[in-house]
Each structure stands twice: as C-alpha cells, then as structure tokens.
Ligand code: APR
Ligand code: ZN
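In the working numbering, the protein residues as written are 408 to 779.
As structure tokens, then:
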C-alpha cells in the first residue's frame, strides 16, 4: 500500500460573497482515517452553491456539491472503496450507526449530516490550503477542485458503466426532486400537482409526478422561457405569476376546484412556502418544501391553513438515504427509466466555471456540467 502525498491541483476558490471564483493552485492533503481522496471528473452547478456563495460568511472557500469522480486514494480503515472506484459525492452522508441512520425512516444522519462550518466532520479542519493557509469546504464535498477529500460515508460507489458526466446530477438536484415526489409526497395516480420553480429540482418533481400518473402537473415560474423544457418533463399547464391579475394561489385554486392535492416549493423562497400551502386543498393537501432559502428563513402562515387539514413537510435530498437508496436511481437511469440528459443544457470546461454561475443567475440554464 502506497502512502498518499499532498496533491497540488487547480481549484476554483471563492474569496468573498458574490465575487467571481479564482482558479488557484491548492494543496489537497491526504485522506485521513475513514476518508477518501477523489479525482473529481464532472461537477454540475446547483442553485444552493450560488445561494451559499452569495451570502456565506465563510471564505476563502471551495464550493460545489453535485459531482462524480474516481477514487485516487483511501485513508486508514477504509474498506468500502479502493483506488479507481467510480463514485458520486454525497453532500449529506450516512454513517449507518446513529439514531437516524438506524431508524430506517430518516436521512438526517447525526454524524455526517449537512456540514455548515466549512470543515471536515471528523476533526473540524480543512483538507485544502494555499501556502499553508486553510481553504474552507462546502457541505464537506467541495467539488470545484480537481481533487477533493470526503468522508467515506459521503460518497457512493457506482458502476463504472454509468456515465459520470450524466449521473453527477443524481448527486443532488435530480434525486431531490424525484425523492420529493416518490418518497416524501408519495404522489398517487390521477392527482393534481402544482410545482413552484421549474429549475432542475422542480422539473425532477414533475418527472416523478408524471411517472406516478398525476393527471395534472401545473408548473409555476416567473421565467416564461422555462416552459420550453418543462413539457418534456411532464408539466401539463404553465402559470407565470407576473401574467396573473390575481395572486397566483387564487389562480391555482380556480384551476383545481379548490386547490391541488400536492404542492412543491422548489424555488428557495420562504414566502413561497405559504403560497404553496394556499395552493393545495383543504382536507388532505400536502405541501413539500425542497428549496434552500436565501434570506428570511422564518415562515409565517395562517393557522387556518393547517386547521383545515393541510400538511407541510420539509425534505432534504428528497428523503433518500444517500448510501442505502441512491443506487436504485443510478440503476433506473441505466435502464432508461428516468431522464437526466435532458437537464444538461450546457457543458463547460473548468476554466469557464464563472460562466456557469452567470448562466444560472440569468436563468438561462437548467444544469451546466463542468468538465474538470
Ligand atoms: N415564483 C416562481 N418561480 C420563481 C420565483 C418566484 N417568485 N423565483 C424564482 N423562480 C424560479 C426561477 O425562475 C427558476 O426557474 O425558480 C426556478 C429555480 O430554479 P433554479 O434556479 O434552476 O434552481 P434549482 O437548482 O432547480 O434549485 C431550486 O432547490 O435545492 C434547492 O437550493 C436549491 O433553493 C433551490 C431550489
Ligand atoms: Zn448516521
């Protein structure tokens, strides 16, 4: 067994909120016990990267959390992976032993759950540096780097036959949407669905709803260009709130005889959570939130919405247990049972990573896949 050394490679470093990333030479330390070092091959840009980059107080930092790669080396104690394994990164891990992981009904791992401080779970330190100065992580993944170190519980081994340039989207957005439709809402045949926000996350919900046989899938977006791609994923009707004379929830209620069976918030705007609640019906209406809010994380809704029988459910990563469940989505893609390719509107070389940010901010892309 060879002892891994420090690797020097290129990474896109964020130095301040909203400032263009700078491609720098960074040092990536060897994987520590139970960690693996990955050669990132493809990473896509997700809205949450932009949300964090535009507001995060933690800098300098390497963003990126939707990625695929190849294991370069493994740390002490790792038996699950070996050099050359193909992997997806997991921004929320699964330790398999904590209360949540053993419950069988939660993906909120208490050990490897969403990391918010920009460090590794195990020792609260970073594995990146420039001339000895630490560079912080994002969600313990940091895929905007040619090499990264992750906990072995934050990666999933996948078949080497699965195309890494496509399945990287399963690392976050596409899986989150499908899981919200199937696992969290458990949409039933013939039901009415309304989806707020028609990015990759919202359109993945649509894809999941269509597969479940939803009779109507109403898409709501302030960007009318989104309708072009939306039909292919199952959206049957489109509403642009800017074109409505009444609040959008009133329009949806009229369209659906009192509200949809299910509504989904896929924007990342807490104000829209209430709108989504108001758009589903009394009695059994279910609202699922997937968005990661930019500002004002508190929500405020009238109690009567709940008194009349609605439910609001939150979900992270579509409720999937990342290690236990995600294989099935890779397999479904390989059997052509789910669409991924259609979400990829742009492919860009790593040097152009800031262009991917611009495209998403301008609302001109679904997913940009960045080739490292
Ligand atoms: N009303 C309706 N649609 C809106 C509104 C609004 N007020 N504001 C934004 N949108 C639309 C945008 O036009 C865009 O099409 O929401 C969509 C969001 O899509 P993307 O920006 O592509 O984001 P996506 O990657 O799909 O993520 C959506 O889920 O995981 C979270 O952090 C992520 O909060 C984000 C959300
Ligand atoms: Zn756990």
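Virtual Cβ for every residue (Gly too), placed ideally from N, Cα, C. Keep in mind the model is a prediction, meaning the values are calculated, not measured.
**Prompt:** Where do the N-terminal and C-terminal ends of the beta strand (DSSP E) with residue 602 fall, by residue?
**Reply:** 599-603
Subject >> Contact the segment 554-571 vs the segment 588-596: 3+ CB pairs below 8 angstroms >> reply: no
Next on the checklist: Between residue 471 and residue 438, how many whole angstroms is the CB-CB distance? I'm expecting something under 8 angstroms.
Outcome noted: The pair is not a contact, with the Cβ atoms about 18 angstroms apart (cut-off 8 angstroms).
Pull up the distance between the alpha-carbon of residue 657 and that of residue 550, whole angstroms please.
42 angstroms
* Check: residue 454 C-beta below 7 angstroms from any heavy atom of the ligand APR -> yes
TODO: Find out if the Cβ-Cβ distance for the pair residue 675, residue 698 is shorter than 8 angstroms.
DONE: yes
Check: What do you reckon, is the C-beta of residue 609 under 7 angstroms from a heavy atom of the ligand APR?
Finding: yes
task: Would you mind working out which of 545, 616, 649 and 720 sits nearest residue 466, comparing C-alpha positions?
output: 545
List the endpoints of the continuous beta strand (DSSP E) containing residue 620. Premise fails: residue 620 is in no beta strand (DSSP E) and is neither H nor E.
Original post:
Would residue 743 be called buried (16 or more neighbouring beta carbons within 10 Å of its own) or exposed?
Top reply: exposed
Checklist line | Integer Cβ distance of residue 719 from residue 684, believed to fall under 8 angstroms | finding: 6 angstroms
Q: Quick one: using the 10 Å Cβ neighbour count with 16 as the cut-off for buried, is residue 607 buried or exposed?
A: buried
Candidates 553, 646 and 457, of which the one nearest residue 436 by Cα = 553
Closer than 8 angstroms by C-beta to residue 739: which residues in its own chain qualify, once you throw out the five before and the five after it? Chain order, please.
-> 745
Identify which residue in 571, 681, 747 and 768 has its Cα closest to the Cα of residue 639. 747
So the candidates are 736, 730 and 757; which of them puts its Cα closest to the Cα of residue 509? 730
(Q) By the three-class DSSP mapping on this structure, what secondary structure does residue 640 have? (A) helix
Report all residues for which the CB-ligand distance to some heavy atom of the ligand ZN is below 7 angstroms; order them along the chain.
501, 502, 503, 504, 505, 507, 508, 516, 517, 518 and 519
(Q) Could you compute how far the alpha carbon of residue 630 sits from the alpha carbon of residue 772? (A) 12 angstroms
Residue from 695, 689, 560 and 728 whose Cα sits closest to the Cα of residue 602: 695
Which term fits residue 727, buried or exposed, when burial requires 16 or more other beta carbons within 10 angstroms of its beta carbon? buried
message = Taking 6 angstroms as the limit between beta carbons, can you name the residues of its chain near residue 668, skipping five residues before and five after?
response = 598 and 599
> Quick one: what's got a C-beta closer than 6 angstroms to residue 663's C-beta in the same chain, skipping five residues either side?
Replying inline: 599
Item to complete: With a threshold of 16 other CB atoms inside 10 Å of the CB of residue 528, please say whether the residue is buried or exposed.
Response: buried
- Using a threshold of 8 angstroms, state whether the C-beta atoms of residue 651 and residue 666 are closer than that. no
Based on the DSSP output, what are the partners of residue 429 in its beta bridges? 420
>> As an exercise, report each continuous alpha helix (DSSP H) stretch of at least 4 residues that is fully enclosed by the segment 738-768, in chain order.
In response: 760-768
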